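Note sheet for the following structure.
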Amino acid sequence: MIVSKPSRLHRALFGAFHTTSALALLTLTIPAMAAEADSCFAPLPSAQAEMQARNAQPLVQNLCLRDVHEGRAAVRLPSENGSGDRWGFLDNKGQLVIKPVFDDVGDYHYGTAAVKQQGKWGFIDTTGNWLIQPTYDSVQPFTQSGLAVVTLAGKPQLIDRKGAQAGKAFDELVDEATLTDGVPARLQLSYKSVLLSPDGVRHVATDKMEIVEPFGASGLFIAFDANKGYGIADENLAWRVEPQYSALTLDPRNPAVALAKNADGITLIRADGVQDEQKYLTVSEETGAFWLAKTADGIKLLDNSAAVIATFSEAGASALQVSGDYVLNPSGKEALTVFVPGRKQPLTVPAASQPLGQNTGEFLVLTKGEQKKVNTIVAPSGGMIGGAQNVGWLAQIASAEVIDHRLWLRDEQGDVLNVVDASGKALLNQKSLSAIGDSRIEPLNAGSEPAGAQSPLALIRPDNDSGKAGAGFLRSDGSLQIETKWLDIQPADSSQNVGQFIVRTAGGTGVVDAQGKTLIPLTEDNISPFVNGYALDYLDGKLTAMDHAGKHYGLPDVFELESVGNGWFRYHETAAEGALWGIFDANSQKSISQPAYKSVGNFANNQAEVQMPDGLWGIVDAQGKVLVQPKYAEVKRINAALWLLTQPAVADQSESSTIAEIIGNDTQTRISPVAGLSVTQFSDGRILATSAAGQSWLLDAKGNVQLHEQQTHISALGDWVKLSRQPQQGYLTAQGEWQIQPVPVSEGSAFGQGRALRSTPAGAELIDDKGARIAAMPEGKWVLPTGSAWSVSYDPQDDEPATRYVDSTGKLVLTVQGFASRMTDGHAVLTRADGRKTWIDAQGKPTDGVSFTDLGLPVDGLAFARIDQGYGFIDAQGNFAIPPVFSAVSPFDSAVAVVSTPVMSMMIDKTGKPLARIDKECGISVLYGAGSTRQWPPVMPENCTK
118 MIVSKPSRLH
128 RALFGAFHTT
138 SALALLTLTI
148 PAMAAEADSC
158 FAPLPSAQAE
168 MQARNAQPLV
178 QNLCLRDVHE
188 GRAAVRLPSE
198 NGSGDRWGFL
208 DNKGQLVIKP
218 VFDDVGDYHY
228 GTAAVKQQGK
238 WGFIDTTGNW
248 LIQPTYDSVQ
258 PFTQSGLAVV
268 TLAGKPQLID
278 RKGAQAGKAF
288 DELVDEATLT
298 DGVPARLQLS
308 YKSVLLSPDG
318 VRHVATDKME
328 IVEPFGASGL
338 FIAFDANKGY
348 GIADENLAWR
358 VEPQYSALTL
368 DPRNPAVALA
378 KNADGITLIR
388 ADGVQDEQKY
398 LTVSEETGAF
408 WLAKTADGIK
418 LLDNSAAVIA
428 TFSEAGASAL
438 QVSGDYVLNP
448 SGKEALTVFV
458 PGRKQPLTVP
468 AASQPLGQNT
478 GEFLVLTKGE
488 QKKVNTIVAP
498 SGGMIGGAQN
508 VGWLAQIASA
518 EVIDHRLWLR
528 DEQGDVLNVV
538 DASGKALLNQ
548 KSLSAIGDSR
558 IEPLNAGSEP
568 AGAQSPLALI
578 RPDNDSGKAG
588 AGFLRSDGSL
598 QIETKWLDIQ
608 PADSSQNVGQ
618 FIVRTAGGTG
628 VVDAQGKTLI
638 PLTEDNISPF
648 VNGYALDYLD
658 GKLTAMDHAG
668 KHYGLPDVFE
678 LESVGNGWFR
688 YHETAAEGAL
698 WGIFDANSQK
708 SISQPAYKSV
718 GNFANNQAEV
728 QMPDGLWGIV
738 DAQGKVLVQP
748 KYAEVKRINA
758 ALWLLTQPAV
768 ADQSESSTIA
778 EIIGNDTQTR
788 ISPVAGLSVT
798 QFSDGRILAT
808 SAAGQSWLLD
818 AKGNVQLHEQ
828 QTHISALGDW
838 VKLSRQPQQG
848 YLTAQGEWQI
858 QPVPVSEGSA
868 FGQGRALRST
878 PAGAELIDDK
888 GARIAAMPEG
898 KWVLPTGSAW
908 SVSYDPQDDE
918 PATRYVDSTG
928 KLVLTVQGFA
938 SRMTDGHAVL
948 TRADGRKTWI
958 DAQGKPTDGV
968 SFTDLGLPVD
978 GLAFARIDQG
988 YGFIDAQGNF
998 AIPPVFSAVS
1008 PFDSAVAVVS
1018 TPVMSMMIDK
1028 TGKPLARIDK
1038 ECGISVLYGA
1048 GSTRQWPPVM
1058 PENCTK
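The numbering of the sequence shown is the numbering used here, which starts it at 118 and goes up by one.
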């Protein structure tokens, strides 16, 4: 057996136990050692730093023997049967009163301690007897009210000291409940997220799952688990990729792949939720279709399926060029390599080729030579024109433009040379170009609908100077339809709807469809493009309106007319500046309104928005009757059923403070006036409205409010809707019923001395146990620490750190520079600018001679203090009553404290006399009482000779 040589610190502490005196501690002069992996102390987690400073707790915590609570200290010792460490409890005399039989324990609170045995939690009394058998998955300590929160099968519930349910069962969406001390007891509730699918089905997020954003087109989501990290959830909110990553992000320029980060590297997750097996050191978006990922053996070019397309050295990767979504590798002497989106195999083109330098969308256009003559066109499919083959007309290209996924190529005069489709086919050949001659080729905007082979791609319009007759269509397959009788052709609708076209002939003007079939005979005098369903046309020398069926409607003889939809025309009687608009109904041949409006909006669903001369807007019906009084700064049609009405802003009012409301076509209110109302529309017609204060409404396309749950934030995730119920906080009676109901958007402290602090967006206030205001707090962010007589604020004053105190009446009683702890019994701990700590009294006066690197509040006349790296205890004058030789300490409780060194933990009394110690011997923890009498284990291991 190997026995290590005892340290000087160990010998001195051992001597202190044998002499039962604190004097031996004075012989220690070496600094405290840093905590090791199996040490009995550790620095307090950084997340608790602010709480530690506010409550003046030590910076280092005891581990093997925990701090004393209600005369009991939890201790970790080997089990009696040698099956590993277990937890028990010492009393304040250092005696093991509850044997180490528990897997885990909490501290004592109001005579009970939470303990874990065989994977389940229950509660014991101060003698170790079961009060509540271990049946729960997790528990929180009992509070002063006699209630505790426990969790069973993932559901939190409230119980009394007999284990019976207290109050009503929690809502099924409650994710977490936290109960804190005070009478009444503060209860905080947080809720699971709910997702509403486009078909209206509700999906409840699994335990601890928070949905972040949609991913891909298969109903997946990036999600977060607070305990485990990021993963991918499916449309049923089950984990497709288990939460395990520290970050999971989408590149806004290429969201086809998710980047999952961990300490061991970056993993790519495809849009179908499949993880790539390779780990990368770095990953960066190269184009919308390619990524560069670094490994130890080179840099990989990846596509959006995470497949490796090529591997480069760092120098080779640096030389890569990008044009649109294409990646070019110029390193070859004989050829330029082109990586095409969606293709595993690259193309090769002549070396020294360079991109055209114009926006060519999903096409790649390359040039070569000093004159930069085009030599290659690559289509999205990978089809190629030119390259190694010489195509003469390519050199004539001066400009390129993508319209509806086709590449339009023009020469230096702006004339169309050719059109290339997505497959790489040139649609114009020599024969078709000869047939077109000097006529103009004008592209049509096909919109979002896919074009068939015979759909018009462009109009053929004769040049007025050429004298050549014939107009018609260039179709999507490259075929031509040129009618010699047509003198000209143009889209029939002002929005360039490709379904109908106005054709002019020697005999008159009419309308044809996309196949050239006559819809309105070619006998009209002159037809203007249709606007909102009507065109202007002269009939027998009079201006008339004509619909798409060719029916004529009379119009008034006025200076100017404009169609606003469904037969309504707004008109100016004169050309006078500032002339007002009137309204004429062509269908009924009646005047709806004489000129009275500064503006008239579109007429639909028998309603139109109108603007009065004073600039305010209202709504009128089909008879011109006012439905909504003109008192709004803006009236906006949301859809066929709803209007958004925005009130005029007052001076210096921000956009988020502007009041708006939503009404239906029946003028009934759907959403009452509220500040900062914004609207989002889903692809299925549903509407999400949110206010600046966080209120949310979900309406269907007909304007019915589908969802407006109290304290629930509704947000859009693609076409899904996320329901996030806001956390609640209120106060309970001893029976588990609400004594003070939760207040929306508020935070509160625990009750102490008959009052609590409650903060809302409107400010902070002190309340009594009925929830009534005692006093309003000064402006700022305030907290009421447990055990503190005063509320505390740490808002900087004049850009300098400061602590303010307010008494129980809401009066500001003290402001000090620096960070100070809670005020208890007329004392607080102040941290100065240099990091050293001292005491201040209720007037803010520092205690002379007290300056330490860590400092606690006096308890029974003693306070912990640290000098250099050693903790001890000082008296009221700041003198060490117990020398600073410990690595960790606790405040005194029940006249005892727990202290630790690198080799042991001890319980000491107020004189520094050791009452018990935990030592490490033969690889196990051994408990000794005063005088070094071994209390545990009853028998040392066989291989231990000590």
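All C-beta atoms, glycine included, are put in the ideal place defined by N, C-alpha and C.
Computed from a predicted model, the values in this text were never measured in an experiment.
Environment of residue i [buried if 16+ CB atoms lie within 10 Å]
i, result
"R189", "buried"
"C1061", "exposed"
"K898", "exposed"
"V1043", "buried"
"W956", "buried"
"Q1134", "Given a span of 118 to 1063 for the chain in the structure shown, any question on residue 1134 remains unanswerable."
"A149", "With a pLDDT of only 37 at A149, under 50, the local geometry of the prediction cannot be trusted, and the value read off the model is given with reservation. Buried is the call here."
"N421", "buried"
"L437", "buried"
"E726", "buried"
"N535", "buried"
"D642", "exposed"
Through-space distance from residue j to residue i, alpha-carbon basis
i, j, result
"D254", "K1037", "32 Å"
"P844", "A286", "17 Å"
"S1049", "I1035", "10 Å"
"V533", "A575", "11 Å"
"K659", "Q798", "44 Å"
"S200", "G239", "21 Å"
"G541", "G503", "11 Å"
"G271", "A340", "19 Å"
"V976", "D184", "14 Å"
"L176", "I755", "58 Å"
"D381", "Y362", "10 Å"
"G667", "D702", "18 Å"
"Y397", "I328", "26 Å"
"P638", "L834", "50 Å"
"Q462", "G499", "10 Å"
Best match in the options for proximity to residue i [C-alpha to C-alpha]
i, options, result
"P730", "S771, Q257, Y749 and L678", "Y749"
"E83", "T428, R370 and G961", "With the chain running from 118 to 1063 in the structure shown, residue 83 is simply not present."
"S938", "K954, G927 and I984", "K954"
"D202", "D208, K210, K216 and I999", "K216"
"Q488", "A496, M501 and A512", "A512"
"G973", "D389, S774 and R983", "R983"
"P560", "G595, K585 and A552", "G595"
"Q785", "V767, N821 and S774", "N821"
"F158", "F1003, D1026 and T1028", "F1003"
"A906", "K887, P472, V930 and A889", "V930"
"D298", "L409, I891, R872 and T829", "R872"
"E529", "G474, H522 and S516", "S516"
N- and C-terminal bounds of the alpha helix (DSSP H) containing residue i
i, result
"N722", "Premise fails: N722 is in no alpha helix (DSSP H) and is neither H nor E."
"A434", "E431 to S435"
"L544", "That residue, L544, is in no alpha helix (DSSP H); it is neither H nor E in DSSP."
"R171", "A166 to N172"
The beta strand (DSSP E) enclosing residue i, as first and last residue numbers
i, result
"A410", "F407 to T412"
"H830", "T829 to L834"
"A231", "A230 to Q234"
"F1003", "F997 to F1003"
CB contact flag (residue i, residue j, <8 Å)
i, j, result
"D342", "M326", "yes"
"R557", "P573", "no"
"L337", "R357", "yes"
"K485", "N476", "no"
"S310", "A322", "yes"
"N179", "S1011", "no"
"W837", "P331", "yes"
"L296", "V266", "yes"
Check: residue i C-beta below 7 Å from any heavy atom of the ligand PLP
i, result
"R387", "Inclusion of the ligand PLP in the displayed structure is not the case, the ligand content being empty and no account of it being possible."
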